[in-house]
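Student:
Protein chains: 2
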Amino acid sequence: MFPADMKDAPIGVFDSGIGGLTVLKMMRHALPAERFIYVGDLGRSPYGSKSAETVRRCVLQITAFLLSHHVKMIVIACNTASAVAGDIIRECAYPVPVIEVVGRGSEMALEMIPPDHRGDARIGILGTDTTVRSGVYADRIRVLADARGMRRPEILQQACPLFVPLVEEGWWSGEIPDLTAARYLRAMREFKPHVVILGCTHFPVLSEPIAKALPEGTILTDCAPAVVQRAEAILRERGWLVPAGSAGSAEGPAETVFYCSDSIDTFRCQAERFLDMPVDFVHHVDLETVSIREGDLCCPRQISTVKPSSI
Amino acid sequence: MFPADMKDAPIGVFDSGIGGLTVLKMMRHALPAERFIYVGDLGRSPYGSKSAETVRRCVLQITAFLLSHHVKMIVIACNTASAVAGDIIRECAYPVPVIEVVGRGSEMALEMIPPDHRGDARIGILGTDTTVRSGVYADRIRVLADARGMRRPEILQQACPLFVPLVEEGWWSGEIPDLTAARYLRAMREFKPHVVILGCTHFPVLSEPIAKALPEGTILTDCAPAVVQRAEAILRERGWLVPAGSAGSAEGPAETVFYCSDSIDTFRCQAERFLDMPVDFVHHVDLETVSIREGDLCCPRQISTVKPSSI
């Protein structure tokens, strides 16, 4: 495929299941003329309680699947996948740009520190077990702070695994999410963070109970807006952006094709609730059969571009 | 393998993850001289929210794996797997006997109906989404009631998907499980069941909050004791039972070999808590690579026995 054709290619977005739909929703809104392919690996979700090795194998299969569909960009809309496999996906997908939530979320957290606390900032990180165990948010924040000549923020992490099934069950507010948030965030409350990263794409849905469990005025950061911003900037820079108002956008956003590794009915129901729109058709994909042997993952087309120093 | 050798073969027990360890614990206690192979498919758990097709593929791979390890019996210690794949596993594993929790749980529920309510019994069924959607408990109970010439009990099912992550998080009692049980069991409480089946191997751990949410005196049935009883009866009948007091049992139960499809450390920690014993070694198994093409699943040995009329 020649660079000129890249503009017409779709953007690939994936998650272990449905949480990434919060990112897709925002991307569709900001880039209404772009086509999207969304892969939800519901057949193997959740990733957040599984080992890094297992998650890595799953996401390499999704990457290979997306590359075989000639996407122009890959968005990892899953914190666990970003945390344990962001680098390897970037390497395998090259020269297709890869945007992941952890990098963007870390930058955003630093930017949201109140100016009078840049010297003594405290950042809280909420995530799944696997994301928290990986320590990747804390590492990124320290590297970014050093690069900016900032004093390294104090960091406290907290795994909140029950938030995911609570969101999937539709229990988004009320006594049970309030108590669950209060129980997980007891130490976080004492820590008095300036900024708290919602380090799982499910968590923004529980912003209300999370905010109630933290000191008043704590800033909560959702990574999705930063991901959308970066995606738009890269597409624009490369001349691959389909401007709003092009084909498709007159009658609303351009086509999104959904793939799911489990029951398409379950996925469709959840997707309609998350996206707040009708989802007419979902394809089933058997990701376990996607080969990820060495060599198979090379991007199957030629793009003449230079390796970006930092995506 | 000749029938005489069957006695020395291990018993295969499997679950999507750790819930089945409640069954294994009881089996090890009742049959201390038997060797066991336990497979926990943590890499693909939970099964309870996945489609019947996905669960069927997973459990056929486990069945093939266990048969290749020459087990003398397979125990499906997972309600979801029993509900959607019990019959196909029994067929594929033949002549190796297969015991599953749904059949045993249904029989037990009927037996526990108070004698003065055998004509107007109400049975409640709690399970995962997939188990409840399959309707298999209700079907079994009706068939069994007909066979016994009993009036068919009234049945109410309730999916309680959050019970599984609550158990895995270790939140076994207190305000959050109490409120969760109360919320799920509102209609069940009104239904005033005589017997409630805990139709997921995780649920017995939450007996206390479940009992509190139901009318006083409701009988809760855990399927594990019935599974153990049936396993012992079949082994005895076939002459395959290793009597307590044989090799191994002098120094405690005989060997159990654990296989897990995800991080062995995560599994070991959970297994030690569930079994209340040290678990020194867990093998990793890549179940996705187990072939289940037609023909591969035939039991790889000859056993001269007759097909049991009902297992």
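The listed protein sequences derive, respectively, from chains S and X.
In terms of our numbering, the first sequence is residues 109 to 419.
In terms of our numbering, the second sequence is residues 109 to 419.
Backbone N, C-alpha and C define an ideal beta-carbon position, used for all residues, glycine too.
Contact criterion: CB-CB distance below 8 Å. Does I196(X) meet it with respect to chain S?
Tutor: Answer no: the Cβ-Cβ gap between I196(X) and chain S never drops below 8 Å.
Student: Can you tell me whether V313(X) is helix, strand or coil according to DSSP?
Tutor: Note: V313(X) maps to helix in three-state DSSP.
Student: So, is the C-beta of G325(S) closer than 8 Å to a C-beta in chain X?
Tutor: No, G325(S) does not count as interfacial toward chain X.
Student: Leaving out five residues on either side along the sequence, give the residues of the same chain with a beta carbon under 8 Å from the beta carbon of S357(S).
Tutor: Reliability fails at S357(S), whose pLDDT of 47 lies under 50, so the model's placement of it is uncertain and no value is given.
Student: Give the list of continuous beta strand (DSSP E) stretches no shorter than 3 residues that lie fully inside the stretch 167-252 of chain S.
Tutor: Within the stretch 167-252 of chain S, the complete beta strand (DSSP E) runs of at least 3 residues are 181-184, 206-208, 230-235.
Student: In chain S, which residues lie less than 7 Å from R152(X) when you measure between Cβ atoms?
Tutor: The contacting residues are R152.
Student: Quick check on the DSSP output: what are the complete beta strand (DSSP E) runs of length 3 or more inside the stretch 246-331 of chain X, in order along the chain?
Tutor: DSSP runs (the beta strand (DSSP E)) wholly in the stretch 246-331 of chain X: 262-267, 303-306, 327-330.
Student: Looking only at its chain, what residues have a beta carbon closer than 6 Å to the beta carbon of S153(X), apart from the 5 residues adjacent to it on each side?
Tutor: Cβ within range, chain order: S124, G125.
Student: DSSP on G151(X), reduced to helix/strand/coil?
Tutor: Three-state DSSP puts G151(X) in a helix.
Student: Give me the Cβ distance between V147(S) and V179(S), rounded to the nearest whole Å; I'm assuming they're in contact under 8 Å.
Tutor: Going by Cβ atoms, the distance from V147(S) to V179(S) rounds to 10 Å, so no, they are not a contact pair.
Student: Does the stretch 368-381 of chain S come into contact with the stretch 246-262 of chain S, if we say contact requires no fewer than three beta-carbon pairs (one atom in each stretch) closer than 8 Å?
Tutor: At 8 Å Cβ cutoff, the stretches do not touch.
Student: In whole angstroms, give me the CA-to-CA distance for V163(S) and Y155(S).
Tutor: V163(S) and Y155(S): Cα-Cα distance of roughly 6 Å.
Student: Against E396(X), what residues of chain S qualify as contacts under a CB-to-CB distance less than 7 Å, listed in chain order?
Tutor: In chain order: E396.
Student: Contact between the stretch 295-302 of chain X and the stretch 260-275 of chain X: three or more CB pairs below 8 Å?
Tutor: In short, these stretches touch, since the Cβ pair count reaches three.
Student: With DSSP as the reference, please indicate the residues paired to H392(S) in a beta bridge.
Tutor: C368(S), per the DSSP bridge assignment.
Student: Secondary structure at S357(S), three-state DSSP: helix, strand or coil?
Tutor: With a pLDDT of 47 at S357(S), under the threshold of 50, the modelled position of that residue is not reliable, and no figure is offered here.
Student: Can you check whether the C-beta of R381(X) is within less than 8 Å of a C-beta belonging to chain A?
Tutor: Absent from the structure: chain A. Protein chains present are S and X.
Student: If you compare alpha carbons, which of I207(X), P323(X), L349(X), R344(X) is closest to V131(X)?
Tutor: If we check each option's Cα against that of V131(X), I207(X) comes out closest.
Student: Taking beta-carbon pairs under 9 Å, can you tell me which members of the stretch 131-164 of chain X lie near chain S?
Tutor: Hits within the stretch, in order: L150, G151, R152, S153, P154, S157, K158, S159, A160, E161, T162.
Student: Could you say which of E345(X), L274(X), C166(X), T364(X) lies nearest to I318(X) if we only look at CA atoms?
Tutor: Per the Cα distances, L274(X).
Student: Do the stretch 306-324 of chain X and the stretch 333-350 of chain X make contact, defined as three or more Cβ pairs closer than 8 Å?
Tutor: Cβ pair count under 8 Å is below three, so no.
Student: Contact between the stretch 276-287 of chain X and the stretch 157-171 of chain X: three or more CB pairs below 8 Å?
Tutor: The stretch 276-287 of chain X is not in contact with the stretch 157-171 of chain X.
Student: Can you name the residues of chain S whose CB is closer than 8 Å to the CB of T288(X)?
Tutor: In chain order: I284.
Student: Which residues in chain S have a C-beta closer than 9 Å to the C-beta of P317(X)? List them in chain order.
Tutor: Residues of chain S passing the Cβ test: none, with the nearest at roughly 12 Å.
Student: Are any of the Cβ atoms in chain X nearer than 8 Å to that of R376(S)?
Tutor: Answer no: the Cβ-Cβ gap between R376(S) and chain X never drops below 8 Å.
Student: State yes or no: is the beta carbon of R297(X) nearer than 8 Å to at least one beta carbon in chain S?
Tutor: R297(X) does not count as touching chain S.
Student: Suppose the cutoff is 7 Å on Cβ atoms and the five residues either side in sequence are ignored; what does the same chain contact list for H225(X) look like?
Tutor: Hits under 7 Å: H302.
Student: Would you verify that the beta carbon of P273(S) is, or is not, closer than 8 Å to some beta carbon of chain X?
Tutor: Closer than 8 Å: yes.
Student: Could you tell me whether the Cβ of S357(X) comes closer than 8 Å to any Cβ of chain S?
Tutor: The predicted model places S357(X) with a pLDDT of 47, which falls under 50 and marks its position as unreliable, so this point remains unresolved.
Student: The ligand PLP and V272(S): does any heavy atom of the ligand fall closer than 7 Å to the residue's C-beta?
Tutor: Of ligands this structure carries none, so the ligand PLP is not represented either.
Student: Could you tell me the distance, in whole angstroms, from the CA atom of C406(X) to the CA atom of Y202(X)?
Tutor: Its pLDDT being 44, under 50, C406(X) is placed unreliably by the model, and the measurement read from it follows with that caveat. So the two alpha carbons sit approximately 8 Å from each other.
Student: Since S176(X) meets chain S, which of its residues come closer than 7 Å, beta carbon to beta carbon?
Tutor: The premise fails here: S176(X) is roughly 19 Å from chain S at the closest Cβ pair, so nothing lies under 7 Å.
Student: Residues of chain S with a CB under 9 Å from the CB of D123(X): which are they?
Tutor: Under the 9 Å cutoff, chain S gives no residues; its nearest Cβ is about 15 Å from D123(X).
Student: Mapping the DSSP letters down to three states, classify I126(X) as helix, strand or coil.
Tutor: Coil.
Student: Roughly how many angstroms lie between the CA atoms of G128(X) and G307(X), to the nearest whole one?
Tutor: If I take the Cα positions, the gap works out to 12 Å.
Student: Select from E396(S), H177(S), M385(S), D394(S) the residue whose C-alpha is nearest the C-alpha of M134(S).
Tutor: Nearest option by C-alpha distance: M385(S).
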